[in-house]
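Count the sequence shown with the numbering used here and you get residues 15 to 514, in order. Report on the following structure.
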Amino acid sequence: MIKTSRHTGLIVASNRLPVALTRNDSGNYHIEPGTGGLISALLPVLRDRGGVWVGWPGVSGDVKNIDALLKEANRRSGYQLKPVALTEEERRKFYHGFSNEIIWPLFHDLQSLCNFDPSYWHVYQDVNRRYAEVLAQNSTDGDFIWVHDYHLMNVAMELRQIGAKVKTAFFLHIPFPPLDIFVKLPWRFQLLHALVEYDLLGFQTLRDQRNFIQCVRTLMNDVAVHGKGQVLTLRDSGREVRVGSFPIGIDFNAYVKRATEKEVADKAAQLRNFLPNRQLILGVDRLDYTKGIPQRLEAFRNALIRYPQLHERVTLIQVVVPSREDIPQYNDLKIRIERLVGEINGQFTKPGGWVPIHYVFRSLERSDLLAYYRAAEIALVTPLKDGMNLVAKEYCACSIEEGCVLILSEFAGSAAQMKRGALFVNPYDIEGVADAIYRAFTMDMTERHARMRRLRRAVREQDIFWWVDSFLRAAISRDLSAFPLPEDYVPQNDLGGMSL
Ligand code: G6P
Numbered sequence: 015m016i017k018t019s020r021h022t023g024l025i026v027a028s029n030r031l032p033v034a035l036t037r038n039d040s041g042n043y044h045i046e047p048g049t050g051g052l053i054s055a056l057l058p059v060l061r062d063r064g065g066v067w068v069g070w071p072g073v074s075g076d077v078k079n080i081d082a083l084l085k086e087a088n089r090r091s092g093y094q095l096k097p098v099a100l101t102e103e104e105r106r107k108f109y110h111g112f113s114n115e116i117i118w119p120l121f122h123d124l125q126s127l128c129n130f131d132p133s134y135w136h137v138y139q140d141v142n143r144r145y146a147e148v149l150a151q152n153s154t155d156g157d158f159i160w161v162h163d164y165h166l167m168n169v170a171m172e173l174r175q176i177g178a179k180v181k182t183a184f185f186l187h188i189p190f191p192p193l194d195i196f197v198k199l200p201w202r203f204q205l206l207h208a209l210v211e212y213d214l215l216g217f218q219t220l221r222d223q224r225n226f227i228q229c230v231r232t233l234m235n236d237v238a239v240h241g242k243g244q245v246l247t248l249r250d251s252g253r254e255v256r257v258g259s260f261p262i263g264i265d266f267n268a269y270v271k272r273a274t275e276k277e278v279a280d281k282a283a284q285l286r287n288f289l290p291n292r293q294l295i296l297g298v299d300r301l302d303y304t305k306g307i308p309q310r311l312e313a314f315r316n317a318l319i320r321y322p323q324l325h326e327r328v329t330l331i332q333v334v335v336p337s338r339e340d341i342p343q344y345n346d347l348k349i350r351i352e353r354l355v356g357e358i359n360g361q362f363t364k365p366g367g368w369v370p371i372h373y374v375f376r377s378l379e380r381s382d383l384l385a386y387y388r389a390a391e392i393a394l395v396t397p398l399k400d401g402m403n404l405v406a407k408e409y410c411a412c413s414i415e416e417g418c419v420l421i422l423s424e425f426a427g428s429a430a431q432m433k434r435g436a437l438f439v440n441p442y443d444i445e446g447v448a449d450a451i452y453r454a455f456t457m458d459m460t461e462r463h464a465r466m467r468r469l470r471r472a473v474r475e476q477d478i479f480w481w482v483d484s485f486l487r488a489a490i491s492r493d494l495s496a497f498p499l500p501e502d503y504v505p506q507n508d509l510g511g512m513s514l
């Protein structure tokens with residue numbers, strides 16, 4: 015049921031609620047409001063607009079005291095957290111199934127990894143409807159609903175069917191694929207029709223925006239595309255949809271502040287003492303086949319074969335953060351990575367001395383991650399395709415002395431903003447990446463400084479607050495004028511969960 019009010023509220027929807035729910039040994043749950051760049055950037059706006067965040071609370075089925083826990087988290091976070099309850103089966107088919115075995119691989123151009131199980135689509139529709147119902151129950155006519163990511167592409171359509179008179183915007187955090195890949199999706203028409211039910215559609219890069227527009231032009235007769243594709247009109251209703259690209263950023267200043275704290279500096283120094291007289295090369299990724307970890311390891315091996323000067327003078331620290339463990343491909347990938355690390359170390363290790371790859375498979379404490387960022391002279395960020403890749407940005411923010419080198423995949427969304435400072439590579443080109451490793455290793459300080467300065471400027475100027483601001487301004491610039499940013503909009507300095 016929709017209530018009415020003059021005040022335009024902000025309601026955010028994402029797959030998960032921004033809370034950390036943990037279970038202690040006696041089986042009781044404990045809740046902490048989430049942190050992280052997106053949350054800290056939205057917090058001032060959410061508080062000002064009496065905001066609500068809708069999402070899955072992190073546990074399926076009945077959790078006895080979940081309502082009481084969320085009330086407690088609401089009190090501490092300053093906005094309302096509203097849960098969408100899902101059964102184990104719904105979670106499996108909606109999150110693991112449709113979202114992560116269909117959309118995730120397809121939108122990263124890896125259609126051969128898709129499992130187009132029709133039951134996934136049915137549950138995806140049901141679950142999106144459930145999100146829409148919770149949103150409708152917690153909104154008033156004229157409110158502004160900002161939906162995040164590929165799990166929730168049908169929400170605006172479901173809201174319209176319920177009769178909610180709200181304005182909606184959607185931001186896709188992952189890439190949007192080219193037409194010839196998108197058309198493989200059995201539900202391509204339904205999905206495009208669902209997306210154009212939003213009032214504003216935001217993509218990470220111009221590349222994604224153009225791909226989307228090409229799909230609309232080719233597959234939707236009932237939609238007119240204007241100009242360069244910033245405005246669409248639905249021929250039946252005359253309703254307009256705005257489309258834009260908004261590259262997401264990080265809380266640059268918070269990273270700089272935390273990276274310069276004594277705890278981080280001490281940990282970074284310890285790492286350097288433990289691995290002296292060499293350059294540290296860092297890879298940090300969520301366990302995911304889109305991140306190109308095996309290809310990167312092969313490139314490192316190739317560099318060690320072709321450039322023996324690197325022996326004992328470099329160490330690759332590869333951190334892999336466990337993720338989506340219930341999906342078979344993720345476990346296969348883990349086995350493949352571990353076999354490669356074993357092989358390469360077996361091939362080059364000097365007994366009692368140099369071990370070329372230090373492999374870490376676990377979630378890291380924030381201060382440990384920052385210490386790795388600070389200690390490493392070279393970062394290898396080589397995804398096969400990535401919506402943005404914030405590791406690249408976080409690494410630059412933490413390069414306080416500006417003497418580090420970023421090797422970046424040309425297929426990461428961040429490449430558009432960072433091409434002037436990074437060493438650009440095609441992650442599939444094993445020899446090319448190996449050459450870039452050697453080039454970074456031998457790069458003099460003058461060039462390193464010049465490059466890193468440019469990179470840091472780009473990351474600082476287009477940070478997470480700039481991103482929230484530009485997205486909301488784009489939303490306002492049409493008939494969402496009832497939604498100004500609070501005059502005293504002050505970014506919160508905060509760091510939080512990993513943004514891999
Ligand atoms: C990507 C997606 C996010 C997602 C994150 C972690 O960055 O765009 O929506 O939260 O991966 O994946 P997970 O499945 O653990 O939420």
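Glycine included, C-beta positions come from ideal geometry on N, C-alpha and C.
Practice task
Go ahead and label residue 111 buried or exposed: buried means 16 or more other beta carbons lie within 10 angstroms of its beta carbon, across all protein chains shown.
Solution key: buried
Exercise for the section: Taking only runs that begin and end inside the segment 117-152, name each unbroken alpha helix (DSSP H) of 4 or more residues, in chain order. Expected result: 118-121 and 132-151
Practice task
With hydrogens ignored, establish whether the beta-carbon of residue 338 is closer than 7 Å to any heavy atom of the ligand SAH.
Solution key: You won't find the ligand SAH in this model; what it holds is the ligand G6P.
Handout entry: Backbone secondary structure at residue 333 - three-state DSSP
Key = strand
Problem - Local conformation of residue 377 per DSSP, three classes - result: coil
Practice task
Please name the residue, chosen from 30, 27, 117 and 377, that lies closest to residue 304 on a Cα-to-Cα basis.
Solution key: 117
Practice task
Quick one: grab the DSSP three-state call for residue 244.
Solution key: coil
Exercise for the section: Counting only runs of 3+ residues fully inside the segment 57-110, write out the beta strand (DSSP E) ranges in chain order. Expected result: 66-70 and 94-97
Problem - heavy atom of the ligand G6P below 7 Å from residue 586 C-beta - result: The chain is shown from 15 up to 514; residue 586 falls before or after that span and cannot be answered.
Exercise for the section: Leaving out five residues on either side along the sequence, give the residues of the same chain with a beta carbon under 7 Å from the beta carbon of residue 219. Expected result: 259, 261, 427 and 430
Exercise for the section: Can you give me the start and stop residues for the beta strand (DSSP E) that residue 297 sits inside? Expected result: 293-300
Exercise for the section: Specify whether the segment 436-452 and the segment 303-317 touch according to this definition: at least 3 beta carbon pairs, one from each stretch, less than 8 Å apart. Expected result: yes
Problem - Environment of residue 253 [buried if 16+ CB atoms lie within 10 Å] - result: exposed
Handout entry: Neighbourhood of residue 340 by C-beta distance below 8 Å, restricted to the same chain and skipping five residues each side
Key = 106 and 110
Handout entry: Distance between beta carbons of residue 182 and residue 212, contact taken as under 8 Å
Key = 5 Å
Practice task
Say yes only if the C-beta of residue 222 is nearer than 7 Å to one or more non-hydrogen atoms of the ligand G6P, and no if none qualify.
Solution key: no
Practice task
Report buried or exposed for residue 342, applying the criterion of at least 16 other Cβ atoms within 10 angstroms of its Cβ.
Solution key: exposed
Problem - residue 174 beta carbon near the ligand G6P (any heavy atom closer than 7 Å) - result: no
Problem - Alpha carbon of residue 321 to alpha carbon of residue 394, nearest angstrom - result: 17 Å
Problem - Proximity test, residue 142 beta-carbon vs the ligand G6P heavy atom, cut-off 7 Å - result: no
Exercise for the section: Determine the burial state of residue 287: buried for a count of at least 16 other Cβ atoms within 10 Å of its Cβ, exposed for fewer. Expected result: exposed
Problem - Beta-carbon contacts of residue 413 that lie in its chain and below 6 Å, excluding the five residues immediately before and after - result: 466
Exercise for the section: Mind the definition here: the segment 115-132 touches the segment 450-459 only if three or more C-beta pairs lie below 8 Å; say whether that holds. Expected result: no
Problem - Opposing strand residues paired with residue 182 [DSSP bridges] - result: 159
Practice task
Kindly confirm or deny that the segment 25-32 and the segment 162-178 touch, where touching means at least three C-beta pairs closer than 8 Å.
Solution key: yes
Handout entry: Reduced DSSP secondary structure (H/G/I, E/B, other) of residue 395
Key = strand
Exercise for the section: Measure the C-alpha to C-alpha separation of residue 92 and residue 86 and round it to an integer number of angstroms. Expected result: 10 Å
Handout entry: Of the listed residues 57, 222 and 97, nearest to residue 482 (C-alpha basis)
Key = 57
Practice task
Would you kindly work out how many angstroms separate the C-alpha atoms of residue 329 and residue 396, rounded to a whole number?
Solution key: 17 Å
Handout entry: Proximity winner among 99, 127, 191 and 406, relative to residue 146 (alpha-carbon distances)
Key = 99
Exercise for the section: Can you grab the Cα-Cα spacing for the pair residue 35 / residue 114, in whole Å? Expected result: 22 Å
Handout entry: For residue 22, three-class secondary structure by DSSP
Key = coil
Handout entry: residue 331 beta carbon less than 8 Å from that of residue 55
Key = no
Problem - Selection from 327, 271, 45 and 155 that minimises the alpha carbon distance to residue 408 - result: 271
Exercise for the section: Measure the beta-carbon distance from residue 202 to residue 172 and round it to whole angstroms, keeping in mind my assumption that it falls under 8 Å. Expected result: In fact, because the Cβ distance is near 19 Å, the residues do not count as touching under 8 Å.
Exercise for the section: Indicate, with yes or no, if the ligand G6P has a heavy atom lying under 7 Å from the CB of residue 310. Expected result: no
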